[in-house]
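J.: Chains as they are written, first to last, in this note's numbering: chain S, 107 to 322; chain H, 107 to 322. Here a beta-carbon is modelled for each residue, glycine too, at the ideal position from N, C-alpha and C. For clarity, every value in this text was computed on a predicted model and none was experimentally measured.
Number of protein chains: 2
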Amino acid sequence: MRDAFHDELDAIGLSLIKMAQLVQGAMDDATKALLGPDLELAEKVIAADDAIDFMQHDLDARTIDLMARQQPVASDLRTLVTSLRMSADLERMGDMAHHVAKQARIRYPNRSVPEELVKTIEEMGRVAHEIIGKLASVMETRDLDRAVEIADDDDEMDKLHRDLIAVILDDNWQHGAEVAIDMTLLGRYYERCCDHAVSISRRVYYLVTGEYRSEK
Amino acid sequence: MRDAFHDELDAIGLSLIKMAQLVQGAMDDATKALLGPDLELAEKVIAADDAIDFMQHDLDARTIDLMARQQPVASDLRTLVTSLRMSADLERMGDMAHHVAKQARIRYPNRSVPEELVKTIEEMGRVAHEIIGKLASVMETRDLDRAVEIADDDDEMDKLHRDLIAVILDDNWQHGAEVAIDMTLLGRYYERCCDHAVSISRRVYYLVTGEYRSEK
Numbered sequence: 107m108r109d110a111f112h113d114e115l116d117a118i119g120l121s122l123i124k125m126a127q128l129v130q131g132a133m134d135d136a137t138k139a140l141l142g143p144d145l146e147l148a149e150k151v152i153a154a155d156d157a158i159d160f161m162q163h164d165l166d167a168r169t170i171d172l173m174a175r176q177q178p179v180a181s182d183l184r185t186l187v188t189s190l191r192m193s194a195d196l197e198r199m200g201d202m203a204h205h206v207a208k209q210a211r212i213r214y215p216n217r218s219v220p221e222e223l224v225k226t227i228e229e230m231g232r233v234a235h236e237i238i239g240k241l242a243s244v245m246e247t248r249d250l251d252r253a254v255e256i257a258d259d260d261d262e263m264d265k266l267h268r269d270l271i272a273v274i275l276d277d278n279w280q281h282g283a284e285v286a287i288d289m290t291l292l293g294r295y296y297e298r299c300c301d302h303a304v305s306i307s308r309r310v311y312y313l314v315t316g317e318y319r320s321e322k
Numbered sequence: 107m108r109d110a111f112h113d114e115l116d117a118i119g120l121s122l123i124k125m126a127q128l129v130q131g132a133m134d135d136a137t138k139a140l141l142g143p144d145l146e147l148a149e150k151v152i153a154a155d156d157a158i159d160f161m162q163h164d165l166d167a168r169t170i171d172l173m174a175r176q177q178p179v180a181s182d183l184r185t186l187v188t189s190l191r192m193s194a195d196l197e198r199m200g201d202m203a204h205h206v207a208k209q210a211r212i213r214y215p216n217r218s219v220p221e222e223l224v225k226t227i228e229e230m231g232r233v234a235h236e237i238i239g240k241l242a243s244v245m246e247t248r249d250l251d252r253a254v255e256i257a258d259d260d261d262e263m264d265k266l267h268r269d270l271i272a273v274i275l276d277d278n279w280q281h282g283a284e285v286a287i288d289m290t291l292l293g294r295y296y297e298r299c300c301d302h303a304v305s306i307s308r309r310v311y312y313l314v315t316g317e318y319r320s321e322k
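#1: Answer yes or no: does any C-beta atom of chain S fall closer than 9 Å to that of H:Leu122?
#2: Suppose contacts are defined by Cβ-Cβ distances below 9 Å. Is S:Asp195 in contact with S:Ala303 by that definition?
#3: Would you list, in chain order, the members of the segment 269 to 289 of chain H that have their beta-carbon closer than 7 Å to a beta-carbon of chain S?
#4: Might you give, ordered along the chain, the residues of its own chain that have their beta carbon closer than 6 Å to the beta carbon of S:Lys208, omitting 5 neighbours on each side?
#5: Going along chain H in order, which residues have a C-beta closer than 9 Å to the C-beta of S:Ala253?
#6: Distance, Cα to Cα, S:Glu228 vs H:His205?
#7: Taking a contact to mean a Cβ-Cβ separation below 9 Å, would you say H:Leu145 touches H:Pro215 in this structure?
#8: Going along chain S, which residues have a C-beta under 7 Å from H:Gln177?
#9: Does the pairing of the segment 305 to 321 of chain H with the segment 177 to 197 of chain H give three or more beta-carbon distances under 8 Å?
#10: Can you tell me the Cα-Cα spacing of S:Ala203 and H:Ala110, whole angstroms?
#11: Are the C-beta of H:Leu92 and some C-beta of chain S separated by less than 9 Å?
#12: Less than 9 Å between the beta carbons of S:Ile118 and S:Leu186, yes or no?
#13: Please go through the segment 231 to 298 of chain H and give each complete alpha helix (DSSP H) segment of 4 or more residues, from N-terminal end onward.
#14: Is H:Val310 close to chain S? Criterion is C-beta to C-beta, closer than 9 Å.
#15: Tell me whether the segment 228 to 237 of chain S and the segment 128 to 140 of chain S touch, counting them as touching only if at least three CB pairs, one residue from each stretch, are closer than 8 Å.
#16: Please tell me whether H:Ala194 has its Cβ less than 9 Å away from any Cβ of chain S.
#17: By Cβ distance below 7 Å, which residues in the same chain neighbour H:Gln130 in space, the five residues on each side in sequence not counted?
#18: Could you tell me the alpha carbon to alpha carbon distance between H:Gly316 and H:Glu114, rounded to whole angstroms?
#19: Enumerate in chain order the residues of its own chain whose CB-to-CB distance from S:His267 is below 6 Å, with the five nearest sequence positions on each side excluded.
#20: Any beta carbon from chain S within less than 9 Å of H:Met125's own beta carbon?
#21: Is there a Cβ from chain S that is less than 9 Å from the Cβ of H:Arg213?
#22: Just to make sure I have the definition right: I need the residues of chain H whose C-beta is within less than 9 Å of the C-beta of S:Val187. Which are they?
#23: Quick check: what's the CA-CA separation for H:Leu172 versus S:Arg175?
#24: Does S:Leu140 come within less than 9 Å of chain H when only Cβ atoms are used?
#25: Roughly how many angstroms separate the alpha carbons of S:Arg168 and H:Asp251, rounded to a whole number?
#26: Which residue wins for smallest C-alpha separation from H:Arg198, given the options H:Asp155, H:Pro178, H:Glu221, H:Ala180?
#27: In the structure shown, what three-state DSSP assignment does H:Arg198 receive?
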């Protein structure tokens, strides 16, 4: 009986990794759709968000069902409770990709991002890709060194976010308030997405060590 | 033994209501600090966010401990899992008050909000106050009619958010990109805070009925 339980626990872990991979793909596509601009790809990301939401509901139902049937204690219970939180973070990360794709769609056929910010957004997309990829691998391997690295990688995202705001605030900004608003929110979507990744990496750390790593 | 269990369950419920009340106070003070501007009050909100965060950690530890010791099933398990989610939503709502207060502080001694947006922000503060107050009462009474009302009240917040964006985009906007960015983020803080309140009200609905109410 305990073996069947641990099989189910493993299956939940695999679904969480799969969810992280879906979010990574969604964010990649959202950035491409934004910079293309590519309406078809934007629509694909928007539709795919329902699949991520469904996956969270399904995963949570399985987790709660397992809690009820198996009455886990100690580290197994900790794993299941942490799974619920990770799935919530991953679902929010998916929402951020969804928001980016909606911004691609609303300005189409124009490109939402002005020329002088294309490089910054590309970089934000690249850093998000790396962070989410590393997160998926940390969720699989539980490598604590790499878990800790994710917070450092996120510093790069924060720097890009500051760069983006600096461009909007520069006296040479020619694109008015509407584009300033779009770019402010866009920057926040990438930044928040990676904040959630950091939060999940801390949960992995907690699962392995039983302790929360203090924030910098 | 079961009675002691339900006493603890009730105590967790009361802590969640207390947390909602703290968040309501924090958001009220943050709005006042912003519009004053009032630096001392802003600092108070920023410091109080640690208390809200601590409350969440404590509440979650008690919830998980209760799960481990009492092995609840069915509706009791559902209540405990839902408590974990509610505390996460409330903590995020507290973060939004914190963000508003930080915006009051960063522009002090100037007022961050330009004259033509004071009315809108006041209204956003008022609607947030009502929504969070109603939420605290719904968490206590489990009144489903009022739970459903919260989603409608949130439509008012969304309308105010659209009004705010319209002012920033108006040709008469004289305050440049920096204030446009501040106001864009500020609008998002109020809006997100109330989105979390809607999300908690749906969880109450789920706890009482066992079903999720479909989103509009």
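T.: A quick look at the data gives this:
#1: no
#2: yes
#3: Ile271, Ile274, Leu275, Trp279, Ala283, Glu284, Ala286, Ile287
#4: none
#5: By Cβ distance, chain H contributes nothing, its closest Cβ being about 20 Å from S:Ala253, past 9 Å.
#6: 27 Å
#7: yes
#8: Gln177
#9: yes
#10: 45 Å
#11: Look at the range of chain H in this structure, 107 to 322, and you will see that residue 92 of chain H is not part of it.
#12: yes
#13: 250 to 275
#14: no
#15: yes
#16: yes
#17: His235, Ile238, Gly239, Ala242
#18: 22 Å
#19: Gly293, Glu297
#20: no
#21: no
#22: Asp166, Thr169, Ile170, Met173, Val187, Leu190
#23: 16 Å
#24: no
#25: 30 Å
#26: H:Asp155
#27: helix
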